[in-house]
Amino acid sequence: MGKADLHTHTNASDGDLSPEELLEKAKSKKLKTLAITDHDTIKGYLKAKEIAPDFGIELLSGVEITALWNSKEIHLLAYNFDDEDHPFRNLLLKQRTARKLRMQAIVEVLNAQGLDIDYEEVLAEANMGNVGRPHAASILIRKGYVSGVAEAFIRYLSSEKLKGVRTNYASIDEVIRVTKDANGVISLAHPGRLYSDGEVFSLIEKGLDGLECIHPSHNFSTQRKFTALAKSRNLLITGGSDYHGTGKSEYDPYLGIVTLGDQYIEAIKRTSENRRRIVNVVN
25 MGKADLHTHT NASDGDLSPE ELLEKAKSKK LKTLAITDHD TIKGYLKAKE IAPDFGIELL
85 SGVEITALWN SKEIHLLAYN FDDEDHPFRN LLLKQRTARK LRMQAIVEVL NAQGLDIDYE
145 EVLAEANMGN VGRPHAASIL IRKGYVSGVA EAFIRYLSSE KLKGVRTNYA SIDEVIRVTK
205 DANGVISLAH PGRLYSDGEV FSLIEKGLDG LECIHPSHNF STQRKFTALA KSRNLLITGG
265 SDYHGTGKSE YDPYLGIVTL GDQYIEAIKR TSENRRRIVN VVN
């Protein structure tokens, strides 16, 4: 049975490694299937798609999309979508703009607290990829304001600290609709970290296809709880290491360890294929 990791990041968003370097590392961990789920961009995936066969790795299309639900930011994982679908590409383009505007607002908040940080610095840290809070955290570390990523988020960059910052991310309804129209599937990322049980139930009712049951932040009890919930609701089970790279996340040692079996990958593919069949019949 092959191993799969459906939650990884490259330097197209907030990861350390290039797509090629990530594929090399995945190969060294004996992964059979990989999904690159950069934040609101598929640029890393598209680069990896061209060379994945050279590494003997099956690559699923993937992306981690930030959406708004009840004025709260949530993370959704989209998989096996048609990567040339125009509405889907347009959604990600709007998300990129929303990220830039949000970071400009975050920099203003940090400046108001006396921190010497510039928006252009953050863009440079992102290396022209999709900008996010980890890039701002890196600058705060380099300038000595904090000792590490965890402290940066606790003191300055958590959702609670930035709750006054307005965002223009797509709504959960739009993300789910556009993903399904692109024949993809949509799963709720790391639900054990962020939501109450009642919130998870409400999010499922919005039309999610799956839950990320397997994640480094989920202990065995949490993993078992969400796996049972997914099975009881006929939802897909997704999971992965949430790999970013050395120093970017406490989850990095879990690449090649926090994995899924082939049966879960096949279920994702079947769901996508069924959507394609329905479209073909209608047309």
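Take any residue in the sequence shown, count from 1 to its spot, add 24: that is its number in the working numbering.
Don't be surprised by glycine CBs; every beta carbon is placed ideally from N, CA and C.
Only a predicted model underlies this, so the values are computations on that prediction, with no experimental measurement involved.
- Straight through space, the alpha carbons of I60 and Y69 are spaced by roughly 6 Å.
- Spanning the alpha carbons of P158 and V173 requires a straight line of approximately 7 Å.
- Separation of I228 and P215 (C-alpha to C-alpha, rounded to the nearest whole angstrom) is 11 Å.
- Between L164 and Y143, the gap from beta carbon to beta carbon reaches 8 Å or more.
- DSSP, reduced to helix, strand and coil, places V209 within a strand of the structure shown.
- The Cβ atoms of T34 and L116 lie no closer than 8 Å to each other.
- The three-state secondary structure of A102, taken from DSSP, is strand.
- In this structure the region 199-212 touches the region 108-125; the number of beta carbon pairs closer than 8 Å is three or more.
- Counting along the chain, V170 sits inside no alpha helix (DSSP H), nor does DSSP assign it H or E at all.
- With a minimum length of 4 residues, the unbroken runs of alpha helix (DSSP H) contained wholly in the region 90-141 fall at 110-136.
- Annotation: the continuous alpha helix (DSSP H) that includes E149 extends over 143-149.
- Cβ-Cβ distances below 7 Å link S296 to N104, N207, G208, V209 in the same chain, with the five nearest sequence neighbours on each side left out; the list follows chain order.
- In this structure, the CA atom of K27 is about 18 Å from the CA atom of D78.
- With 16 or more neighbouring CB atoms inside 10 Å of its own CB, M127 falls in the buried class.
- For L227, the enclosing alpha helix (DSSP H) starts and ends at 221-229.
- 8 Å or more divides the Cβ of L55 from the Cβ of G222.
- A distance below 8 Å separates the beta carbons of A91 and Y193.
- With distances taken between CA atoms, D233 lies nearest to N258 out of N258, L58, K118.
- A252: member of the alpha helix (DSSP H) spanning 244-256, first to last residue.
- Counting every other CB atom within 10 Å of its CB across the protein chains shown gives F225 a total below 16, marking it as exposed.
- Rounded to the nearest whole angstrom, the C-alpha separation of S265 and R166 is 26 Å.
- Between L218 and H63, the alpha-carbon positions lie close to 17 Å from each other.
- Residues of the same chain with a CB within less than 6 Å of the CB of L58, apart from the 5 flanking positions on each side, are D29, A50, I81, L83 in chain order.
- Closest in C-alpha terms to N94, from the list A36, G39, A136, D197, comes D197.
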